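>
Chains as they are written, first to last, in the working numbering: chain A, 1153 to 1361; chain B, 1153 to 1361.
(1) Run through DSSP, which three-state label would residue 1237(B) get?
(2) Just verifying my parser: in three-state terms, what is the DSSP assignment at residue 1346(A)?
(3) Under 7 Å Cβ to Cβ from residue 1182(B), same chain only, skipping five residues before and after it: list those, please.
(4) When the Cα atoms are used, what is the spatial distance from residue 1345(A) to residue 1184(B)?
(5) Where does residue 1197(A) fall in DSSP's three states?
(6) Give the straight-line distance between the Cα atoms of residue 1238(A) and residue 1289(A), rounded to the nearest whole angstrom.
(7) Count the other C-beta atoms from every protein chain shown that fall within 10 angstroms of the C-beta of residue 1263(A), then say buried if there are 16 or more, exposed otherwise.
(8) For residue 1343(A), is the classification buried or exposed, using 16 other Cβ atoms within 10 angstroms of its Cβ as the cut-off for buried?
(9) Verify the CB distance criterion: does residue 1256(B) have a CB-CB separation below 8 Å to chain A?
(10) Output yes if chain B places a C-beta closer than 8 Å to the C-beta of residue 1211(A); else output no.
(11) Can you tell me whether residue 1324(B) is helix, strand or coil according to DSSP?
(12) Compare the beta carbon distance of residue 1332(A) and residue 1306(A) with 8 Å and say whether it is the shorter of the two.
(13) For the region 1178-1190 of chain A, which residues have a CB atom closer than 7 Å to at least one CB atom of chain B, in sequence order?
(14) Just by C-beta distance, which residues in the region 1294-1307 of chain A are closer than 8 Å to chain B?
(15) Would you tell me roughly how many angstroms separate the C-alpha atoms of residue 1227(B) and residue 1255(B), rounded to the nearest one?
(16) Kindly say whether residue 1193(A), judged by its beta-carbon, lies nearer than 8 Å to any beta-carbon of chain B.
(17) I need the straight-line Cα distance from residue 1298(B) to residue 1272(B), nearest angstrom please.
(18) For my contact list, residue 1295(B) and residue 1243(B) are in at a C-beta cut-off of 8 Å; report their separation, rounded to the angstrom.
(19) Name the DSSP bridge partner or partners of residue 1217(A)?
(20) Could one say the Cβ of residue 1316(B) lies closer than 8 Å to chain A's Cβ atoms, at least one of them?
(21) Can you check whether the C-beta of residue 1197(A) is within less than 8 Å of a C-beta belonging to chain B?
(22) Are there 16 or more other CB atoms within 10 angstroms of the CB of residue 1323(B), so buried, or fewer, so exposed?
(23) Starting from residue 1332(B) and walking both ways along the beta strand (DSSP E), at which residues does that stretch end?
(24) Can you give the beta carbon distance from residue 1313(A) to residue 1330(A), rounded, assuming they're within the 8 Å contact cut?
(25) Where are the beta strand (DSSP E) runs, 3 residues long or more, that stay fully inside the region 1270-1316 of chain A, in chain order?
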């Protein structure tokens, strides 16, 4: 006997694929949708169903966008001599909302992760290197996450850029800065509760006061 | 400047209405959907958009179903003399999966909750009382949740049934049992960590051994 209608069962199965939703929370979300106004479920469903059709990846920075090149890459007001390299589109959103960075971005599409079978060739690293040709770019901020995979990816990208630079230096002079976001205590932190690595990094990177 | 395409922004807004999803987790779910295979988002979207069209509420028990009366209400193999009263369809699912109950159900559609503006008239209590007329029902298991609102709703329903019974008793004889699920220690529990109310209830309800 089917206790629930087949489409509700189907919905629960599909929702369970979303990271962070187990069988119980998928069931709760399904119940919420069942008891929501019809207009809401209709709208949400249609947005999800047509999601991929209206999305493109910017051919310059590989961010998700409604057109390519994206608004940021296309903008004349943004400094093209500085590129901030991030893991995914949410990081671009975080920088745009949280900083006054006015350069360009490059979205890697992930990090190098042998465990998950993701190598450098699965990311947009080669396309980033291509963007450096021509000599317009003066600084690369490698803003991958400060964890093991993010650090390893940052190291890999740095090495790739240095390989390119040494070749490029033979031909013409080039001054390319490679930077990484500062590590240290987060604002509002309590020294007592800071973890070892953070404390060590904040010591190493201490600044003149 | 719109950093994200408008449909992705829309998606994030809509997802935030789901209980348990804040702005950050809604953004993560949106990113997951963006990077999922197109077949998956298409299927999920269509199931959600058409959810309401394929769902009816059983006119007997008010459970969600694909037809009315639902399979359980329609079944000749289930004991119609015993009704298990639950808050929502997920509870029916839990009983069907976890017990061998072979009676019928009645789905209230929530609990009495003055804070949320939900009164007895918003639930299917009157319809439950109607089902008791005729005298076929011998037991009502009030299986609302063992919390304040669930208890209050159970008390209310009990009183309504008693009001009906005393009237009915004037006409003919009637033997209607009203029961509530046992309270006590959950299986695998550790006495040390049991909360006061649970411990008290398990004392009060101790059984012969």
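Ideal Cβ positions, reconstructed from N, Cα and C, are used throughout, including at glycine. None of the values given here were measured: they were computed from a predicted structure.
With the structure as the only source:
(1) In the structure shown, residue 1237(B) sits in a strand (DSSP, three-state: E or B).
(2) Residue 1346(A) falls in the coil class under three-state DSSP.
(3) So the list reads 1160, 1163, 1164 and 1167, once near-sequence residues are dropped.
(4) 33 Å
(5) Looking at residue 1197(A) - three-state DSSP - the assignment turns out to be helix.
(6) 16 Å
(7) buried
(8) exposed
(9) no
(10) no
(11) Summary for residue 1324(B): the model assigns pLDDT 49, below 50, so the residue's position carries little reliability, and this model does not support an answer.
(12) At a Cβ-Cβ threshold of 8 Å, residue 1332(A) and residue 1306(A) count as neighbours.
(13) 1179, 1181, 1183, 1184, 1185, 1186 and 1190
(14) none
(15) A direct Cα-Cα distance of roughly 10 Å separates residue 1227(B) from residue 1255(B).
(16) At a cut-off of 8 Å, the C-beta of residue 1193(A) has a neighbouring C-beta in chain B.
(17) Rounded to the nearest angstrom, the two C-alpha atoms are 18 Å apart.
(18) 7 Å
(19) 1208(A)
(20) no
(21) yes
(22) Its pLDDT being 47, under 50, residue 1323(B) is placed unreliably by the model, and the measurement read from it follows with that caveat. So residue 1323(B) ends up on the exposed side.
(23) 1329-1332
(24) 6 Å
(25) 1291-1294
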